[in-house]
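The listed protein sequences derive, respectively, from chains W and B.
Position in the first sequence counted from 1, then plus 99, gives you my numbering.
Position in the second sequence counted from 1, then plus 43, gives you my numbering.
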Amino acid sequence: MAGRGRQAIDYRGVELDGIRYVILREVVFQRFCEKAGIRPRDPAADEDGFAPGFDLDRASLAEKLARRRRATGLSQADLARRAGIRPETLNRIERGRSTPDFKTVRKLVVAMNAVESEQLADKPRRQTDKESTHVDQP
Amino acid sequence: MSINRSPSDATALSRDRILAEIKEIVAEQTETPAEEIREDHHLLDDLGFDSLAIVEMSMEIEEHFDVSVPDELGEQARTVRDVTDGVLELLGQAGRTGEL
């Protein structure tokens, strides 16, 4: 977005049952909501499980999930595959574009926990191996 | 709803006991002293939960009470009371609370 000057915005007006509505590009609508501090909510859950009414701080959730995924070293595609969700779905969640429902968040957490457990199980074994080579040293 | 009946039915935990244990789980997650947590506290508005925290709490509950928390409960529970009643139901004790 450019500067502080007044910006022009394209919109389309329609009339339904005598009421005027404005049709905006979704990205513009979302930007408005962001600026106004309003959380847009889609009343219809879609096939990816983005359900309405699941109150949460979407941005904070997106950030937490992304941070945790990066800590596991998994790519979005890897995590999505392990969690059994579509990569595009995870991408939308991590960008704060969609609100995942409980089931989807749980799939992600379970998948990340599993990876963390694998990594933990791997680490001590290697450390123990190393340590054991030093055990006999005086 | 697929609810795993817990083998711990036999231990017949009282509702008070379940509530106390849930408060402990919530306390640990939110770093709020358990004695300050009330049954009518709203998970999101009063206790600062988000959906990730709700999922983590559900998994903690599953481990602690040896139950399987259905997605419906995770999605519909709004207060500490909802969680407690949900766990009671999962433990198959909902009808016994009056006797305790």
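For glycine and all other residues, C-beta sits at the position ideal for the given N, C-alpha and C.
Under three-state DSSP, which class holds residue i?
i	result
D52(B)	Summary for D52(B): the model assigns pLDDT 46, below 50, so the residue's position carries little reliability; its value from the coordinates is reported in the next sentence. D52(B) falls in the helix class under three-state DSSP.
R58(B)	helix
V113(W)	strand
T188(W)	helix
V126(B)	helix
R196(W)	coil
I118(W)	strand
Q218(W)	helix
L137(W)	Residue 137(W) is actually Ile in this sequence, not Leu. Three-state result, I137(W): coil.
R168(W)	helix
A101(W)	Model confidence at A101(W) stands at a pLDDT of 45, short of 50, so the residue's coordinates are unreliable; what they give is reported in the following sentence. A101(W): coil per DSSP, three-state reduction.
Q106(W)	coil
A120(B)	coil
L207(W)	helix
L87(B)	coil
Counting only Cβ pairs nearer than 9 angstroms, list the residues of chain W close to residue i.
i	result
D114(B)	D200, F201, K202 and R205
Going along chain B in order, which residues have a C-beta closer than 9 angstroms to the C-beta of residue i?
i	result
P159(W)	Reading the sequence as shown, one finds Ser at residue 159(W) and not Pro. Here the neighbours are D93 and L95.
With C-beta atoms as the reference, is residue i less than 8 angstroms away from residue j?
i	j	result
V204(W)	L173(W)	no
L219(W)	L164(W)	no
T58(B)	T127(B)	Inspection of the sequence shows that residue 58(B) is occupied by Arg rather than by Thr. Cβ distance < 8 angstroms, so R58(B) and T127(B) count as in contact.
A179(W)	T188(W)	yes
I68(B)	I104(B)	yes
I65(B)	V110(B)	no
A158(W)	E193(W)	no
F201(W)	D125(B)	no
I122(W)	Y110(W)	yes
C132(W)	R124(W)	no
I61(B)	A70(B)	no
A120(B)	L86(B)	yes
Which residues of chain B have a Cβ atom closer than 8 angstroms to the Cβ of residue i, listed in chain order?
i	result
V208(W)	L95, V98, E99 and M102
For a contact meaning CB atoms closer than 7 angstroms, what does residue i contact in chain W?
i	result
E132(B)	Per Cβ cutoff of 7 angstroms: no residues; E132(B) is ~17 angstroms from chain W at best.
Residues of chain B with a CB under 7 angstroms from the CB of residue i: which are they?
i	result
L219(W)	None at all; the shortest Cβ gap to chain B is about 17 angstroms.
On the DSSP letters alone, give me the boundaries of the alpha helix (DSSP H) that residue i sits inside.
i	result
I104(B)	S94 to F108
I80(B)	From DSSP, I80(B) is part of no alpha helix (DSSP H); its letter is neither H nor E.
Q175(W)	Q175 to A182
Just to confirm the assignment, what range does the beta strand (DSSP E) spanning residue i have?
i	result
V112(B)	Segment: none, V112(B) is in no beta strand (DSSP E) and carries neither H nor E.
R124(W)	First-last for R124(W): undefined, no H or E at that position.
Taking only beta carbons into account, state which residues of the segment 164-178 of chain W come closer than 9 angstroms to chain B, listed in chain order. In summary, the residues of the segment 164-178 of chain W whose CB is separated from some CB of chain B by less than 9 angstroms are L164 and R167, in the order they occur in the chain.
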